[in-house]
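Here's the structure we're looking at; comments come further down.
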Amino acid sequence: MNNSVTNTARLLGAGLRALLVLTVVTGILYPLAITGVAQGIFPDKANGSEIKADGKVVGSSLIGQQGYSLDYFQPRPANGLGTNSVNTQYKLILSGATNRSGDNPELIKWVKEAKAKVVKDNSTADHKVKPSQVPADAVTSSGSGLDPDISPAYADLQVHRVAERNGLSVARVQKLVDEHTEGRTLGFMGEPRVNVLELNIALRELVTKS
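Just so we're aligned, residue 1 is where the sequence shown starts under full-length UniProt numbering, counting upward by one.
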């Protein structure tokens, strides 16, 4: 009986010691080490790839934003976004795709309406946009609905409208787009892209200086 109690106590003690050691190693030391390495090697990415303007954080280079006026470059549509209906105390945006097939009537309607709006919004007095010039990313949302980038073709399409509304030359706005166009990752992965938030911050700075 005494041996049984002693063995049980020994096993419980060993288990508690193992729990304590693992808690310290995996719950404290490991997270601290990973955080230290992340902050030391790539602090920008570790902190959320924040973008600052006028000394304030205005967003992340990884998350697209909606609600820009037509004075600025427009992002991709965000039809997949939803709203939090469970805990309404917090106004959260839920990302996601529309999950519509290519021949879905509702999706076709969305695309047609979006294309007509892009053509109307970006046509100016001396520059008319043709429906055939509208790229796919101008009328379709990404899988998350939060794509921060647009294609160079969509950015180029908006140049005349942005230039006209801000009193800038088309050439200067086009140069701004070219300066913010990134190539394929490592030269072969993905597609060329333009980060909308970064481009709009640069545009605002340009307008302020003009």
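Note that the Cβ used here is the ideal one computed from N, Cα and C, for glycine as well. These numbers were taken from a predicted model, which means no experiment stands behind them.
Counting C-beta atoms within 10 angstroms of its own C-beta, arginine 161 has 16 or more neighbours from the protein chains shown and is therefore classed as buried.
If you ignore the 5 residues before and after valine 173, its C-beta comes within less than 6 angstroms of the C-beta of Val159, Val162 and Ala163, all in its own chain and listed in chain order. The C-beta distance from arginine 76 to aspartate 147 rounds to 5 angstroms, short enough to fall under 8 angstroms. DSSP places valine 194 in the strand class (E or B) of the three-state scheme. Threonine 8 sits in a helix when the DSSP states are folded into three classes.
Taking the Cα positions, alanine 153 is about 35 angstroms away from alanine 38.
Its chain contains Leu81 as the residues whose beta carbon lies nearer than 6 angstroms to that of isoleucine 93, once the 5 sequence neighbours on both sides are disregarded; these appear in chain order. By the Cβ test, the segment 62-76 is in contact with the segment 135-147, since at least three Cβ pairs between them sit closer than 8 angstroms. Contact fails between the segment 44-51 and the segment 127-135, because fewer than three Cβ pairs, one in each stretch, are under 8 angstroms apart. Of the candidates Ala18, Ser49 and Ile34, the residue whose Cα lies closest to the Cα of leucine 197 is Ser49.
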